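There are 2 protein chains.
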Amino acid sequence: MTDPFVIVGGDAAGMSAASKAKREDPDREVVVFEKGDWVSYAACGMPYYVKGEVDDLEDLVAVTPEEFREERDVDLRTGHEVVAIDPEAKTVTVDADGERFDQPYGDLLIATGARAVEPPFEGFDLEGVFTLRSMDEADAIEDFVDEQEPRTAAIVGGGYVGVEMAEALVERGIDVSVFEMLPRILQPFGEATASTVADHLREQGVDLHLETAVEGFGGVDRVETVQLEDDAVSADLVVVGVGVAPNVELAEEAGIDLGPTGAIATDEYGRTNYEDVFAAGDCAEEDHVVTGEPDHVPLALTANRAGRAIGTTVAGDPTPTGGTAGTAIVKAFDLGAARTGILEDDRAREAGFDPVSVTIDAATRPHYYPGATELTVTLVADGESGRVLGASVVGEEGVKRIDTVATAVHAELTVAELRNLDLAYAPPFSPVWDPILTAAKVLEGNVDG
Amino acid sequence: MTDPFVIVGGDAAGMSAASKAKREDPDREVVVFEKGDWVSYAACGMPYYVKGEVDDLEDLVAVTPEEFREERDVDLRTGHEVVAIDPEAKTVTVDADGERFDQPYGDLLIATGARAVEPPFEGFDLEGVFTLRSMDEADAIEDFVDEQEPRTAAIVGGGYVGVEMAEALVERGIDVSVFEMLPRILQPFGEATASTVADHLREQGVDLHLETAVEGFGGVDRVETVQLEDDAVSADLVVVGVGVAPNVELAEEAGIDLGPTGAIATDEYGRTNYEDVFAAGDCAEEDHVVTGEPDHVPLALTANRAGRAIGTTVAGDPTPTGGTAGTAIVKAFDLGAARTGILEDDRAREAGFDPVSVTIDAATRPHYYPGATELTVTLVADGESGRVLGASVVGEEGVKRIDTVATAVHAELTVAELRNLDLAYAPPFSPVWDPILTAAKVLEGNVDG
Numbered sequence: 001m002t003d004p005f006v007i008v009g010g011d012a013a014g015m016s017a018a019s020k021a022k023r024e025d026p027d028r029e030v031v032v033f034e035k036g037d038w039v040s041y042a043a044c045g046m047p048y049y050v051k052g053e054v055d056d057l058e059d060l061v062a063v064t065p066e067e068f069r070e071e072r073d074v075d076l077r078t079g080h081e082v083v084a085i086d087p088e089a090k091t092v093t094v095d096a097d098g099e100r101f102d103q104p105y106g107d108l109l110i111a112t113g114a115r116a117v118e119p120p121f122e123g124f125d126l127e128g129v130f131t132l133r134s135m136d137e138a139d140a141i142e143d144f145v146d147e148q149e150p151r152t153a154a155i156v157g158g159g160y161v162g163v164e165m166a167e168a169l170v171e172r173g174i175d176v177s178v179f180e181m182l183p184r185i186l187q188p189f190g191e192a193t194a195s196t197v198a199d200h201l202r203e204q205g206v207d208l209h210l211e212t213a214v215e216g217f218g219g220v221d222r223v224e225t226v227q228l229e230d231d232a233v234s235a236d237l238v239v240v241g242v243g244v245a246p247n248v249e250l251a252e253e254a255g256i257d258l259g260p261t262g263a264i265a266t267d268e269y270g271r272t273n274y275e276d277v278f279a280a281g282d283c284a285e286e287d288h289v290v291t292g293e294p295d296h297v298p299l300a301l302t303a304n305r306a307g308r309a310i311g312t313t314v315a316g317d318p319t320p321t322g323g324t325a326g327t328a329i330v331k332a333f334d335l336g337a338a339r340t341g342i343l344e345d346d347r348a349r350e351a352g353f354d355p356v357s358v359t360i361d362a363a364t365r366p367h368y369y370p371g372a373t374e375l376t377v378t379l380v381a382d383g384e385s386g387r388v389l390g391a392s393v394v395g396e397e398g399v400k401r402i403d404t405v406a407t408a409v410h411a412e413l414t415v416a417e418l419r420n421l422d423l424a425y426a427p428p429f430s431p432v433w434d435p436i437l438t439a440a441k442v443l444e445g446n447v448d449g
Numbered sequence: 001m002t003d004p005f006v007i008v009g010g011d012a013a014g015m016s017a018a019s020k021a022k023r024e025d026p027d028r029e030v031v032v033f034e035k036g037d038w039v040s041y042a043a044c045g046m047p048y049y050v051k052g053e054v055d056d057l058e059d060l061v062a063v064t065p066e067e068f069r070e071e072r073d074v075d076l077r078t079g080h081e082v083v084a085i086d087p088e089a090k091t092v093t094v095d096a097d098g099e100r101f102d103q104p105y106g107d108l109l110i111a112t113g114a115r116a117v118e119p120p121f122e123g124f125d126l127e128g129v130f131t132l133r134s135m136d137e138a139d140a141i142e143d144f145v146d147e148q149e150p151r152t153a154a155i156v157g158g159g160y161v162g163v164e165m166a167e168a169l170v171e172r173g174i175d176v177s178v179f180e181m182l183p184r185i186l187q188p189f190g191e192a193t194a195s196t197v198a199d200h201l202r203e204q205g206v207d208l209h210l211e212t213a214v215e216g217f218g219g220v221d222r223v224e225t226v227q228l229e230d231d232a233v234s235a236d237l238v239v240v241g242v243g244v245a246p247n248v249e250l251a252e253e254a255g256i257d258l259g260p261t262g263a264i265a266t267d268e269y270g271r272t273n274y275e276d277v278f279a280a281g282d283c284a285e286e287d288h289v290v291t292g293e294p295d296h297v298p299l300a301l302t303a304n305r306a307g308r309a310i311g312t313t314v315a316g317d318p319t320p321t322g323g324t325a326g327t328a329i330v331k332a333f334d335l336g337a338a339r340t341g342i343l344e345d346d347r348a349r350e351a352g353f354d355p356v357s358v359t360i361d362a363a364t365r366p367h368y369y370p371g372a373t374e375l376t377v378t379l380v381a382d383g384e385s386g387r388v389l390g391a392s393v394v395g396e397e398g399v400k401r402i403d404t405v406a407t408a409v410h411a412e413l414t415v416a417e418l419r420n421l422d423l424a425y426a427p428p429f430s431p432v433w434d435p436i437l438t439a440a441k442v443l444e445g446n447v448d449g
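Chains A and B, in that order, are what the protein sequence lines are. Here the first sequence is numbered in UniProt numbering, starting from 1 and rising by one per residue. Here the second sequence is numbered in UniProt numbering, starting from 1 and rising by one per residue.
Below, the structure is given as structure tokens:
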């Protein structure tokens, strides 16, 4: 009998792999070690729990531990921490309930996720200072807002978490300040989208501080202020969201290679440098579909997709994990913002492209049809070949149109091919030329040949 | 000096070509002959004028005749009917104001559009019986509803026009019956979408008669009844929308070849069998991007795109018209329905494919996020190669997702490639696996290899 398929970490990548492996090969034993209690939860839903739109934290759990155990026949062991991997002996060492034991594996998936980056801010341990990465942290923030009724909140970092938490906390009646070190928020979304969202945050009453470094937090026991270089701002609650770092220590100590991004290096099947050791999700790299280079995009779909592919591969049907286009979407009050592919000139040049781009404003419906709003589309292509490299869109509705460009990016379409796509038109849904097509029409003039 | 670029017909294809040719080659004379008064109008918006959502019929005009003449320097002549083409002499014969003259051309675009099919129904000439193809007809229906206050309306044909007019007339407080000869409405949208829309029409109070042939209309001067085989139904107003026929007589008489669909045959640049005679829009064929065979899809984007490409070609930069994927979208009260590519088994088989398909229901957002609705997705692929052939979606929101599949169809992606697309996810916009990806995951199991 083959040794079991062992999975370290019970969130999106791990549980997708477990479920898929069991479905494809029901006789294979699948063991998942999760050091915490929560499995298969939607971390992306946590801001909406704090906001009050999701009633119960348990609602964010897609599949419960009982369902995994009883319906999917997965040997899921919560409260079990893997403390070492021996890829030569093909065992993992597990701590649980004060005991330690070795578990042999036939195939291993490392799905240890990522953790919130915690810069060395003074006062990080004060009460009222949080990061938002785990379900327990979401619970703690929600409890704090309920019980302490903070009047002011500071959010450090203007990425997804920062923007979503600004909306959530304003909705809870709190005065919110956001501090971002860089000249713009939502860095990966490009200048046009970032500045549109920034203006909108300010319209919603968010006090947005760009190019502003936070030095630490002040207060006695409980946080009272955010310390800037030459100023201090009042804050009864602080959420630090300055990015995530992959949990790679376990892999690194086992001699598993990390890649250039610092996450675990994998091939197109999610394999590490050991044939029977896979890595997926927020701890692992994926090849970028535009550059072909390893990238680290710790997002939910990437994790689910890679986990599912690895489950299929382990069950005997080798399946590529699919790579990443870096597609992302975020809600900021009444706006949606989305991006895909390569938007940054320097990244495009590094990958050997000669980027050209346009930013256009277009209505989401014909002028005569009620309710049209404006969509701003930035489209980037290689000036020589015309290949579509990426896009960003922002507006009150219709930002899922980014999927059209994501598909074009995957398929390596040119701007001329994108412009000629037969997309859906009727007045309640779109102008004749969809805003994506309009952007392609304009950009085409900047492409050679 | 080159003879002018002459265009027959002043709607989407014709005016797109005129504008683009002038922009690319401002010195070239561009003459448009339009036999009516309306140019460059959004026929797709007419049902919403009748519904009362568009205040003024003029609102449907994208660019006015004055703007074409004064700002775009197009020699636009309304009230001018082209009655003959001589492709050897390179002239067209024009009737205007009781005079007849010959106009030489360097390049010619035939953009004569299509007309409503009028079956030989008895009583078609009764007052209160309409088709809906021209702006004047939209005006006449709106006037009739305003002035005659019909209490009952019959719509003959369950295609786009039928469905959109059902919504418009119900909104006007009229009891609406729809008669469709075939076993389902929205024939090109496939069974799952058609039956969902049919149920919804009935919920909205529309009296839907499937597999019901209309034999004629009864009444004295004004329509009073719709005659069925063995029944008569009361109707104060009738709208016949049983399809359109391309206006090809002018071309045919000039020796210009028609294609297998009965519309004007064209090559990938929109050229007819005469080097300097082009055809575009509702009177012309386009190659289907899946089958590679000529098709006749009289829709607005196809016309605009082909017109624009031909304008570019005539100005000296040969540009393919792009073909059609048959993408379409329609609103039916609270539902949207959309389709792309090849959905019909027999069409797929004729084109050499071995079609497999699935229909799935998926939520538009995660279960925990407020406002999720159900989307039904039908996805069709070639069972051997896995190539994506087409899709249909129906639901209360998010049906523009059809564009993802339209893009995949154009790019000749396989189901496995579609499943691996990095589409945008965040709880306010989508579940982790977008409904399109879920359909691809399920369909993948039915594909060989």
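Glycine residues also receive a C-beta, built at the ideal position from the N, C-alpha and C atoms. Here the structure is a predicted model, which means the values were calculated and not measured.
At a cut-off of 8 angstroms between beta carbons, B:LYS400 contacts chain A. In this structure A:ASP334 is not in contact with A:GLU374, their Cβ atoms being roughly 12 angstroms apart against a cut-off of 8 angstroms. Looking at the backbone, the Cα of A:THR324 and that of B:ILE264 are separated by about 44 angstroms.
Within the same chain, Cβ atoms closer than 8 angstroms to the Cβ of A:GLY292 are found at ALA351, the five residues on either side in sequence being excluded. Within the model, the alpha-carbon separation for B:ALA372 versus B:ARG365 is close to 5 angstroms. In this structure the segment 6-14 of chain B does not lie against the segment 401-414 of chain A, because fewer than three pairs of beta carbons, one per stretch, are closer than 8 angstroms.
Between the segment 226-242 of chain B and the segment 130-147 of chain B there are three or more C-beta pairs closer than 8 angstroms, enough to call the two in contact. Annotated three-state conformation of A:GLU34 is strand, per DSSP.
Residues of the same chain with a CB within less than 7 angstroms of the CB of A:GLU444, apart from the 5 flanking positions on each side, are VAL415, ALA416 and ARG419 in chain order. Per DSSP, the continuous alpha helix (DSSP H) segment holding A:LYS20 begins and ends at 12-24. Listed along chain A, no residue sits closer than 9 angstroms to B:THR112 by beta-carbon distance, the nearest being about 19 angstroms off. Minimum Cα-Cα distance from A:ALA154 among the listed residues A:GLN148, A:MET165, A:TYR160 and A:ASP146 corresponds to A:MET165. A straight-line Cα-Cα distance of about 46 angstroms links A:TYR368 and A:ARG308. Contact check for A:ALA116 and A:VAL50: beta-carbon distance about 15 angstroms, past the 8 angstroms limit, so the pair fails to qualify. Counting only the Cα atoms, B:GLU249 lies some 16 angstroms from B:GLU34. Listed along chain B are ALA426, PRO427, PRO428 and PHE429, each with a C-beta nearer than 9 angstroms to that of A:LYS331. Under DSSP, B:HIS80 shares a beta bridge with no residue. Residue state for B:LYS331 is assigned as strand, using DSSP reduced to three classes. Among the residues facing chain B, A:HIS80 is not included, as its CB has no counterpart in that chain under 8 angstroms away.
Annotated as distal: B:GLY36 and B:THR93, with beta-carbon spacing of 8 angstroms or more. Look at A:ASP56 here: in three-state DSSP terms it is coil, with no helix or strand label. Listed in chain order, the non-local C-beta contacts of B:PRO370 below 6 angstroms within the same chain number zero, local neighbours out to five positions each way being set aside. Per DSSP, reduced to three states, the secondary structure at A:THR438 is helical. With a beta-carbon spacing of about 19 angstroms, B:GLY322 and B:GLY113 fall beyond the 8 angstroms limit used to define contacts. The DSSP-derived three-state label of B:SER195 is helix. If you look at B:PHE101, you'll find it isn't in any alpha helix (DSSP H); it sits in the beta strand (DSSP E) that goes 99-104. By the C-beta criterion, the segment 160-176 of chain B is judged not to be in contact with the segment 219-228 of chain B, since fewer than 3 inter-stretch pairs fall below 8 angstroms.
In the DSSP assignment, A:PHE179 forms a beta bridge with A:VAL156 and A:HIS209. Residue nearest to A:ALA251 within the set A:ILE110, A:ALA43, A:GLN204 and A:THR196 is A:ILE110 (criterion: CA-CA distance). Here A:ASP257 has ILE264, ALA265, THR272 and ASN273 as same chain residues with Cβ atoms under 8 angstroms from its own Cβ, once five neighbours each way along the sequence are excluded.
In this structure, B:GLY341 lies away from B:VAL394, with their beta-carbon atoms at least 8 angstroms apart. Among the residues facing chain B, A:PRO370 is included, as its CB has a counterpart in that chain under 8 angstroms away. Beta-bridge analysis with DSSP links B:TYR274 to no other residue. Take A:PHE179, set aside five residues on each side of it, and the residues of its chain with a beta-carbon closer than 6 angstroms to its own are VAL156, HIS209, THR212 and VAL214, in chain order. Excluding sequence positions up to five before and after A:ALA194, its CB lies within less than 6 angstroms of the CB of ARG184, ILE185 and LEU186, all in the same chain and listed in chain order.
Put simply, the CB of B:VAL432 is near chain A, with a gap under 8 angstroms to one of its CB atoms.
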